[in-house]
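What follows is a short report on a single structure.
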Amino acid sequence: MDHRDVCRQALAAKGVFREPWLMDAFDAVDREDFVPLRAWVPEQDEDGRYRFIDRDADQAAWRRAVWDHHRSVVTQMDDGRTPPTGPASGDFSSSVSAPDIVFEKLSHLELGPHHTVLDVGYGSGCHTAYLCERVGSDRVTGVEVDQDLADRGAANLKRAGYTPHLLCGDGLLGVPERAPYDRIISTASLRTVPRTWIGHVREGGLILTPFGTAYENAGLLKLRVTRGRAEGRFVGGASYMWMRGQRPGRALNVPDDESARRTSPIDPYDVLQGPYVQNFAIGLQVPDVSYSHRGQGDDRKVQFVDQSGTSVAIVRYADWWEGDAVRVWGPRDLWGEVVKSFTWFQRERRPDITRFGVTVDAEGQRFWLDEPSRPVAS
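The opening residue of the sequence shown carries number 1 in UniProt numbering; numbering runs sequentially from there.
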């Protein structure tokens, strides 16, 4: 069986073709038209380098990677600073998303053939092509922040016969000259929903975007726009690359000045090694806190830092009950905040991600559980 047929069969078995147009779009759009000849797949070798695929060198391996239903193809690393010449390590900055999450996401868009849609972060153009199949090229607008990606994506779409309105620019600003839209869909993850987008959506329209916090990037958020307010729930999990203007900061090095030391009230393994929804719920309560691991074996530690760079906490896994297991710097007790958030999640009986929601209005952005009147503790 051909790789494309295998992918189609797997997607159908997973139930992601929830509307007939989704399967029609899969059949109409050739994913191979949107994947570059040389790229990477998110598999690391023993040296931490990502596997390289080259159609000219091994067409069969390239096609297997392109049509893998559950894996993305990485088309850019480090904002283009790492050339696609072989296995490499670096930060992913663009990809052709895995087919299963693409069609899972599109199934939540409630996209009718008469709708206009803004595609934020069109990248290779593959996602944009699916939208064009549903509503027609004239009803699709795409924006991409990276000039090289924008040019390549536009060329891919043109060769494949699609003619949406495309431009290179900051997707956080939208494309006001083409507004209003019935739908805005993003292929990059947000930490804050732009008020600009809300103003560009028709009354009753939808915003669908990956969403995360500095702590955990894992949600797919669906918002309905009414009377200048966007409100809705997370409809599932989704891990996408960050919108470039909202990337969290890097972890800081260990401060040189003296820290406060104390015991931990709980094994950090219980807090850090739980299911993704646990980390996601903690992140909604401490959205500006990120963490990273350091060391191995008995020297294994986890470091927390806030995005302002004013507070740091380091927690040791081994002997966590000892009086020097936790070290904190700055005005905030970051480990205390994380533990408090973990306790709240457990007390609420570990709610599923679909019970969490977001409201965005003139007063800001707020997270809630089950209904807007139940704000997530912070």
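Don't be surprised by glycine CBs; every beta carbon is placed ideally from N, CA and C. Please read all numbers here as calculations on a predicted model, not as lab measurements.
Residue i - partner residues in DSSP beta bridges
| i | result |
| --- | --- |
| residue 310 | None; residue 310 has no bridge partner. |
| residue 144 | 168 |
| residue 183 | 117, 206 |
| residue 156 | Note: residue 156 sits in no beta bridge, so no partner. |
| residue 50 | 44, 88 |
| residue 294 | 301 |
| residue 368 | 357, 375 |
| residue 76 | 94 |
| residue 261 | 327 |
| residue 217 | 212 |
| residue 201 | 181 |
| residue 289 | 306 |
Same chain, Cβ closer than 6 angstroms to residue i, neighbours up to 5 away in sequence not counted
| i | result |
| --- | --- |
| residue 10 | 69 |
| residue 326 | 262, 264, 315, 335 |
| residue 32 | 66 |
| residue 147 | 168 |
Helix, strand or coil at residue i [DSSP, three-state]
| i | result |
| --- | --- |
| residue 241 | coil |
| residue 354 | helix |
| residue 81 | coil |
| residue 333 | coil |
| residue 22 | helix |
| residue 230 | strand |
| residue 174 | coil |
| residue 223 | strand |
| residue 111 | coil |
| residue 36 | coil |
| residue 319 | coil |
| residue 360 | strand |
| residue 274 | coil |
| residue 236 | strand |
| residue 212 | strand |
| residue 326 | strand |
| residue 341 | helix |
| residue 189 | strand |
| residue 66 | helix |
| residue 135 | helix |
| residue 162 | coil |
CA nearest to the CA of residue i, picked from the options
| i | options | result |
| --- | --- | --- |
| residue 112 | 85, 363, 22, 350 | 22 |
| residue 60 | 133, 37, 126 | 37 |
| residue 364 | 192, 160, 122 | 192 |
| residue 231 | 373, 16, 15, 78 | 373 |
| residue 171 | 215, 20, 185 | 185 |
| residue 305 | 214, 324, 274, 362 | 214 |
| residue 125 | 85, 344, 345, 167 | 167 |
| residue 344 | 295, 322, 286, 292 | 286 |
| residue 20 | 246, 106, 198 | 106 |
| residue 357 | 294, 375, 348 | 375 |
| residue 322 | 2, 266, 77 | 266 |
| residue 133 | 57, 78, 24 | 24 |
| residue 116 | 141, 103, 271 | 141 |
7 angstroms CB neighbourhood of residue i in its chain, flanking five on each side removed
| i | result |
| --- | --- |
| residue 8 | 26 |
| residue 87 | 45, 49, 50, 51, 52 |
| residue 298 | 318 |
| residue 244 | 145 |
| residue 330 | 310, 311, 312 |
| residue 110 | 206 |
| residue 269 | 317 |
| residue 259 | 327, 328, 329 |
Cα-Cα separation between residue i and residue j, rounded to whole angstroms
| i | j | result |
| --- | --- | --- |
| residue 240 | residue 212 | 9 angstroms |
| residue 118 | residue 225 | 15 angstroms |
| residue 75 | residue 98 | 12 angstroms |
| residue 301 | residue 353 | 28 angstroms |
| residue 176 | residue 127 | 21 angstroms |
| residue 332 | residue 341 | 14 angstroms |
| residue 13 | residue 152 | 33 angstroms |
| residue 137 | residue 47 | 44 angstroms |
| residue 200 | residue 208 | 14 angstroms |
| residue 143 | residue 284 | 28 angstroms |
| residue 320 | residue 313 | 14 angstroms |
| residue 281 | residue 288 | 13 angstroms |
| residue 162 | residue 91 | 30 angstroms |
| residue 4 | residue 242 | 29 angstroms |
| residue 237 | residue 189 | 12 angstroms |
| residue 101 | residue 294 | 31 angstroms |
| residue 279 | residue 159 | 42 angstroms |
| residue 229 | residue 359 | 7 angstroms |
| residue 15 | residue 2 | 20 angstroms |
| residue 339 | residue 346 | 11 angstroms |
Own chain, CB closer than 8 angstroms to residue i, minus 5 neighbours either side, in chain order
| i | result |
| --- | --- |
| residue 73 | 35, 39, 40, 41, 53, 65, 66, 95, 96 |
| residue 202 | 180, 181, 182, 225 |
| residue 355 | 233, 369, 370 |
| residue 222 | 108, 206, 207, 208, 232, 233, 234, 235 |
| residue 307 | 214, 248, 249, 288, 289, 290 |
| residue 187 | 97, 119, 120, 121, 122, 123, 127, 210, 240 |
| residue 216 | 276, 279, 280, 282, 283 |
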